[in-house]
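Protein chains: 2
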Amino acid sequence: MDEPVLLTGAGGRVGRAILRGIGDEYDWRLLDREPLTGQDVPAAVDDAETVVADITDEAAVREAMEGVGAVIHLAGDPRPDAPWDSLLRNNIDGTRTVFEAAVDADVETVVFASSNHAVGHYETERAPDLYRTDDDFRLTGEELPRPSNLYGVSKAAGETLGRYYHDEYDRDVVCVRIGNLTKDHPPREYERGQAMWLSHRDCAHLFDCCLTADFDYEIVYGISDNDRKYYSLDRAKEVLGYDPQDNSAEYTFEGEPKDGR
Amino acid sequence: MDEPVLLTGAGGRVGRAILRGIGDEYDWRLLDREPLTGQDVPAAVDDAETVVADITDEAAVREAMEGVGAVIHLAGDPRPDAPWDSLLRNNIDGTRTVFEAAVDADVETVVFASSNHAVGHYETERAPDLYRTDDDFRLTGEELPRPSNLYGVSKAAGETLGRYYHDEYDRDVVCVRIGNLTKDHPPREYERGQAMWLSHRDCAHLFDCCLTADFDYEIVYGISDNDRKYYSLDRAKEVLGYDPQDNSAEYTFEGEPKDGR
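Chains as they are written, first to last, in this note's numbering: chain A, 46 to 306; chain B, 46 to 306.
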């Protein structure tokens with residue numbers, strides 16, 4: 046991609062994982078409400094344009110969108126128990142601002158960070174069986190949302206905004222329902238965490254795929270190729286060319302499994 | 046139902062159709078931001094408790110919810126081209142307030158007025174063929190939203206809120222994707238309007254079904270049994286006992302059909 050890629054929420058956990066993995070592959074414009082500092086700031090940040098602004102600051106978002114080829118939109122309140130007012134403002138209204146600005150700036154591709162919480166209540170009657178390797182229940186991304194909290198509602202709303210901006214303005218939009226991103230190894234004693242583990246390496250690779258593949262509108266699951274998975278990776282593999290390298294089953298599962306969430 | 050039914054947005058077109066049709070069947074508590082006046086106010090209004098309040102007034106909504114057995118939630122900005130700020134505040138935040146208040150007041154059943162605009166973009170590649178009687182394309186309510194405008198996005202968000210409040214708090218929730226409500230006859234020269242016509246009589250009957258049937262979480266289409274329909278009525282008939290009496294095909298179709306919307 047010749048133009049820079051705008052990364053909103055660049056300082057968050059997903060943003061840092063992306064920058065560590067594919068920081069050298071793109072020219073980045075990094076937006077975060079806080080300056081990117083700290084020991085684990087990836088080297089890629091040194092060369093990048095940075096914008097310190099809140100995602101609800103429409104003028105700043107519009108300015109940051111000028112001249113970019115794609116946007117990876119991660120910014121938002123990441124707390125599963127975030128209060129509604131914050132979700133409404135940061136996650137729903139903020140995401141609408143990003144799409145609106147992307148359209149007006151002729152940005153072709155929007156990659157939206159959705160969440161497993163958008164479909165968390167599919168697990169309710171099926172846990173813990175669906176976390177087991179011999180259970181073949183799979184969510185594909187074609188199912189209606191069943192959020193497990195208002196945070197999940199806000200992410201589902203972001204997906205629907207993406208669908209609208211795709212249909213109405215012909216933007217390429219992919220929504221990644223991100224699982225459980227942990228750096229070194231999956232949670233060892235938590236079946237659900239193993240089922241939806243996303244390694245840092247696979248995370249960066251998946252967002253790389255989102256920036257390079259041809260697609261129209263997609264909802265994909267963002268997890269590693271875990272034996273315990275109940276999210277299908279078929280669309281991510283087929284449409285985006287996602288080729289995950291990690292599997293939580295390769296890590297010793299110690300102690301008794303914990304049920305539920 | 047022994048307890049009163051709260052009807053929000055009672056003074057709107059759908060609210061008045063409901064009150065004219067089944068006004069005598071229930072004890073109503075009518076909430077609207079304007080006093081219910083005018084020549085076409087149904088007689089049922091005379092005996093009803095009325096609350097003049099905005100749906101964004103959380104304290105008023107909570108007070109109106111006390112002691113009711115069910116709520117039919119129609120209030121919101123009804124304009125397909127409504128500005129986003131109004132949709133965010135009235136339709137998304139307002140609907141969340143209704144669900145939250147219903148849970149806290151132990152109201153068992155919430156009937157949510159969704160809209161055909163939540164799925165309007167399914168028509169884009171299929172119009173005008175899908176408006177024809179020999180076309181068997183059907184939306185069932187199980188498909189993901191494809192809003193045709195931000196109003197449709199706001200209604201899809203309301204449906205997802207309903208899913209969450211059903212799953213999390215075990216409320217009975219039905220979302221009615223209302224078609225094209227007109228009083229006397231369907232639009233005569235507009236194929237799409239004929240396809241999604243909802244007569245006043247069928248409208249009142251459908252909401253009556255929503256108040257009396259047993260269901261968990263449902264998305265149904267609210268149209269008459271039109272020959273030109275591309276919305277399935279199967280779930281409404283099977284789960285709610287909907288028995289529509291009208292069909293736009295019974296009205297003379299004059300002149301050349303108009304394509305599209």
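Just so you know, even glycine gets a beta-carbon here, dropped at the ideal spot from N, CA and C.
Open item on the list: Between the alpha carbons of G68 (chain A) and R58 (chain A), how many angstroms are there, rounded?
Closed with: 14 Å
* For I100 (chain B), decide whether its Cβ has a neighbour in chain E, counting only Cβ atoms nearer than 8 Å. => Any reference to chain E falls outside this structure, whose protein chains are A and B.
Partner residues on chain B for L206 (chain A), Cβ-Cβ distance less than 7 Å: V198
Notebook entry, point to check: To which residues of the same chain is H211 (chain B) closer than 8 Å at the C-beta, ignoring the five residues directly before and after it?
Noted result: D217, V218, D261 and Y262
Practice task
Step through the CB atoms of chain B and report whether any lies within less than 8 Å of the CB of R137 (chain A).
Solution key: One point to set straight first is that residue 137 (chain A) is Ile, not Arg, in the sequence displayed. It does; some Cβ of chain B falls within 8 Å.
Looking at chain A, which residues of the region 137-170 of chain B have a Cβ within less than 7 Å of any of its Cβ atoms?
I137, D138, R141, H166 and T169
Quick check: the region 197-211 of chain A against the region 131-150 of chain A, are at least 3 beta-carbon pairs closer than 8 Å? yes
| What runs of the beta strand (DSSP E), each 3 residues or longer, lie entirely inside the region 56-115 of chain B? | 73-77 and 94-97
Close-in-space but distant-in-sequence residues of the same chain around D272 (chain B) (CB under 8 Å, 5 per side omitted):
T178, N292, S293 and A294
query = How about G121 (chain B): is its C-beta nearer than 8 Å to some C-beta of chain A?
reply = no
Taking only beta-carbon positions, decide if P173 (chain B) is within less than 8 Å of chain A.
no
**Message:** Is there a Cβ of chain A sitting closer than 8 Å to that of R216 (chain B), yes or no?
**Reply:** no
Original post:
So, helix, strand or coil for S277 (chain A), using DSSP?
Top reply: coil
query = Which partner residues does L52 (chain B) have in the DSSP bridge list?
reply = B:L75 and B:I117
Problem set entry | Beta-carbon separation (whole angstroms), T205 (chain A) vs A109 (chain B), contact threshold 8 Å | Their Cβ separation, rounded to whole angstroms, is 29 Å, which puts T205 (chain A) and A109 (chain B) out of contact at 8 Å.
* State yes or no: is the C-beta of L226 (chain A) within less than 8 Å of the C-beta of C248 (chain A)? => yes
*Among A:G286, A:P123 and A:V113, which one has its Cα closest to the Cα of C255 (chain A)?*
A:G286
message = Is there a Cβ of chain A sitting closer than 8 Å to that of D212 (chain B), yes or no?
response = yes
Which residues in chain B sit within 7 Å of W129 (chain A), going by Cβ to Cβ distance? R141
Q) Is it right to say T185 (chain B) is buried, meaning 16 or more other beta carbons lie within 10 angstroms of its own, or is it exposed? A) exposed
*asked:* Let's see if you can read the secondary structure: which residues bound the alpha helix (DSSP H) around A202 (chain A)?
replied: L195 to Y214
**Study point:** For L175 (chain A) and G238 (chain B), the rounded distance between their alpha carbons
**Key:** 45 Å
C-alpha gap between A62 (chain A) and D288 (chain A), whole angstroms
17 Å
* Asked: Using the rule of at least 16 other Cβ atoms within 10 Å of the residue's Cβ for burial, across every protein chain shown, is E111 (chain A) buried or exposed?
  -> exposed
Where do the N-terminal and C-terminal ends of the beta strand (DSSP E) with E308 (chain A) fall, by residue?
The shown model of chain A, from 46 to 306, leaves out residue 308 (chain A), and the question about it has no answer.
### Query
Can you give the Cα-Cα distance for K228 (chain A) and A240 (chain A), rounded to whole angstroms?
15 Å
Any chance the CB of D69 (chain A) is under 7 Å from a heavy atom of the ligand NAD?
Of the ligands one can find in the structure shown there are none, so the ligand NAD has no counterpart to examine.
Exercise. Considering D217 (chain A), what are the terminal residues of the beta strand (DSSP E) in which it resides?
Worked result: D217 to I223
- Item | Own chain, CB closer than 8 Å to D304 (chain B), minus 5 neighbours either side, in chain order | With a pLDDT of only 47 at D304 (chain B), under the threshold of 50, the placement of this residue in the model should not be trusted, and no figure is reported.
Contact with chain B by P125 (chain A), beta-carbon distance below 8 Å: no
Does the structure place the region 130-139 of chain B close enough to the region 191-199 of chain B that three or more beta carbon pairs sit under 8 Å? yes
Please confirm whether R246 (chain A) and G83 (chain A) have their CB atoms less than 8 Å apart. no
Notebook entry, point to check: Between P28 (chain B) and V50 (chain A), what straight-line distance do the alpha-carbon atoms span, to the nearest angstrom?
Noted result: Summary: the structure shown does not reach residue 28 (chain B), with chain B confined to residues 46 through 306, and so no result is reported for it.
Query raised in the report: If you measure from the beta carbon of P231 (chain A) to each beta carbon in chain B, is any gap under 8 Å?
Result: no
Per DSSP, what kind of secondary structure is A294 (chain B) in: helix, strand or coil?
helix
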